[in-house]
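Notes follow the structure.
There are 2 protein chains.
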Amino acid sequence: MARPKNASLTAEKVVDAAIALIGERGLEAFSMPKLAAELGVRAPSLYHYFADKESLLVAVARMVATPEAPTTMPEDAHWSEYLITQSVALRRRIVRYPQCAPLLVRYMPREKMFGEYEQLCQFLAASGVPASLQVSIVDGMTALTLGAAILGENAADYADSGDGPSPDPVEHPTLRRALDTIEGLSSDELFETFLRTYLDGVLGGSACSATPTPAVRRLPR
Amino acid sequence: MARPKNASLTAEKVVDAAIALIGERGLEAFSMPKLAAELGVRAPSLYHYFADKESLLVAVARMVATPEAPTTMPEDAHWSEYLITQSVALRRRIVRYPQCAPLLVRYMPREKMFGEYEQLCQFLAASGVPASLQVSIVDGMTALTLGAAILGENAADYADSGDGPSPDPVEHPTLRRALDTIEGLSSDELFETFLRTYLDGVLGGSACSATPTPAVRRLPR
DNA sequence: ATTATCTATAGATCTATAGATAATGC
DNA sequence: ATTATCTATAGATCTATAGATAATGC
Chain B
698 MARPKNASLT AEKVVDAAIA LIGERGLEAF SMPKLAAELG VRAPSLYHYF
748 ADKESLLVAV ARMVATPEAP TTMPEDAHWS EYLITQSVAL RRRIVRYPQC
798 APLLVRYMPR EKMFGEYEQL CQFLAASGVP ASLQVSIVDG MTALTLGAAI
848 LGENAADYAD SGDGPSPDPV EHPTLRRALD TIEGLSSDEL FETFLRTYLD
898 GVLGGSACSA TPTPAVRRLP R
Chain E
698 MARPKNASLT AEKVVDAAIA LIGERGLEAF SMPKLAAELG VRAPSLYHYF
748 ADKESLLVAV ARMVATPEAP TTMPEDAHWS EYLITQSVAL RRRIVRYPQC
798 APLLVRYMPR EKMFGEYEQL CQFLAASGVP ASLQVSIVDG MTALTLGAAI
848 LGENAADYAD SGDGPSPDPV EHPTLRRALD TIEGLSSDEL FETFLRTYLD
898 GVLGGSACSA TPTPAVRRLP R
């Protein structure tokens, strides 16, 4: 068919299809011919949009990590609410395509994130958070978010109401009882309590001295 | 050479070499011929020890996740110290071969860990931790550990004394100042402060009512 | 007879390039 | 002339099996 009347591909369509394919079949099953088949074209056509497989994967990583819309927050919000909103959104993006998580780690070296970290620290500093806590907060929240996203299925799925397999009450009675106490929380809500617990630790820990508000509001039960 | 006088392979040697190879070159560069070359044999010999590539990778995941020696703790240690010791050890194992982390996630489905979770919850219950906190603690610590391990290089490496690239004081002044406050902490120590911060949150949060000791000891500065 | 290696190889990929071809824009 | 697709293909893998071979144990 050579050149079609209307171009069937765009770089964005290619990336979107790559994300979907990796999400469904996993990174190991990903290849240029398979992606092309998914898009209804032949493999060489993809090289018109990306120089090689690696630059396509870089674009995939960037897309997964980038929010669709920037976060907007009320003016008077506490800095912790801002961080929680950001973290919840990041986790949600990763969880949507957990198979892409290794790409994130591989193609987003920390030094390229200095700019973003600088912004966050400035924001924290402006909110009165002492420098000694800023690293703990940013790094801890990042680790918690990434870890929670990669674990993927979490406790909420193992409670009776969730999707996953549920532990047997006879074989695992204590785990069972513990899970019953979170019955009704979605995995988003559960993740949010993790974040708030962590921030409670930051605020309530011995190093806490110059924080504007005494505690982070907890989720309503 | 056919059969050698002394068998040159064992399942364990194969797994060890696989871990080393994946650690050095990454999961994508891993293949049976390359692993065989590393061991000084031909690829088909590996199939004598593992039915296929996948069962070899399962064995790799198991090896990375399993501690060499079980943790021993003083009798009177607080439960939080026990959890911290476990988490620090797990992170250290993952960080040693961060390229294997995707294997862990892929080949260790949560339901196979019910047994371990049951044990942890029993341990927490015996220490007087209410059921409502047990999930938060176990899941939160796991996420924090996995996330911190996968992020790999952490803030400690970006401080002046660390290995990694350091942010420029002119371009990233606030980040720079924040990192200077953790100067001198190793990445292990920094991770431990994350864990203690999280546990401070668990203990100090509003849900805290029946905890035996009021606060978790912080690392000495 | 069994074990642990080997050689040889079928069969299925994959990445990336060269060069043809048809549509479009100037 | 340029663009976006195609066909064809070189060249390099990889996984896994069949079957040979030499050392060992009975």
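In order, the protein sequence lines correspond to chains B and E. The first sequence begins at 698 in my numbering and counts up by one. The second sequence begins at 698 in my numbering and counts up by one. Note that beta-carbon positions come from the ideal geometry of N, C-alpha and C, so glycine has one too. Values in this document were obtained by computation on a predicted structure and should not be read as measured data.
- With contacts defined by Cβ atoms closer than 8 Å, R788 of chain B and F727 of chain B do not form a contacting pair.
- The contact set of Q819 of chain B on chain E, defined by CB atoms closer than 9 Å, consists of P870, T871 and L872 in chain order.
- Annotation: Q819 of chain B to Q831 of chain B spans about 9 Å, alpha carbon to alpha carbon.
- At the C-beta level, V711 of chain B and Y746 of chain B come within 8 Å of one another.
- Any Cβ of chain E closer than 8 Å to the Cβ of Y779 of chain B would place that residue at the interface, and such an atom is absent.
- Only exposed fits P771 of chain B, as fewer than 16 other CB atoms lie within 10 angstroms of its CB.
- The closest CA to that of F811 of chain B, considering only E:H869, E:Q796 and E:S777, is found on E:H869.
- Assigned with DSSP and collapsed to three states, T763 of chain B falls in coil, not helix or strand.
- Of all residues in the segment 827 to 838 of chain E, the ones placed with a Cβ closer than 7 Å to any Cβ belonging to chain B are A828, S829, Q831, V832, S833, D836 and G837, in chain order.
- Taking the beta carbon of E815 of chain E as reference, the chain B residues within 9 Å of it are P864, E868, H869, P870, T871, L872 and R873, listed in sequence order.
- Secondary structure of T871 of chain E (DSSP, three-state): helix.
- If you compare the alpha carbons of E:L843, E:G901 and E:I716 with that of V802 of chain B, the shortest gap goes to E:L843.
- Sequence-distant Cβ neighbours of P864 of chain B in its own chain, meaning closer than 8 Å and more than five residues away, are Y855, L872, R873 and L876.
- Contact annotation: in the segment 888 to 899 of chain E, residues whose CB is within less than 8 Å of a CB in chain B are T890, F891, R893, T894, Y895, L896, D897, G898 and V899.
- Neighbours of G901 of chain E across chain B, judged by C-beta separation under 8 Å: D897, G898, G901 and G902.
- T782 of chain B sits in a helix when the DSSP states are folded into three classes.
- Close partners of V802 of chain E in chain B (Cβ separation under 9 Å): P795, A798, P799, I847, L848 and G849.
- Just so you know, the alpha carbons of A756 of chain E and V899 of chain B end up roughly 39 Å apart.
- Within chain E, the C-beta atoms nearer than 9 Å to that of L841 of chain B come from G837, A840, L841, G844, A845, F891 and Y895, in chain order.
- With a cutoff of 8 Å on beta-carbon distance, A840 of chain E and L848 of chain B are scored as near each other.
- Separation of the CB atoms of L724 of chain E and Q796 of chain E is rounded to 6 Å, and the pair is thereby assigned contact status at 8 Å.
- With respect to chain B, the C-beta atom of A758 of chain E has no partner C-beta closer than 8 Å.
- For the C-beta of F747 of chain E, not a single chain B residue is nearer than 7 Å; the gap to the nearest is close to 17 Å.
- For S833 of chain B, the enclosing alpha helix (DSSP H) begins and ends at A828 to L848.
- In this structure, DSSP gives I719 of chain E a helical state, which the three-state scheme calls helix.
- Note that the C-beta distance between V792 of chain B and A846 of chain B is below 8 Å.
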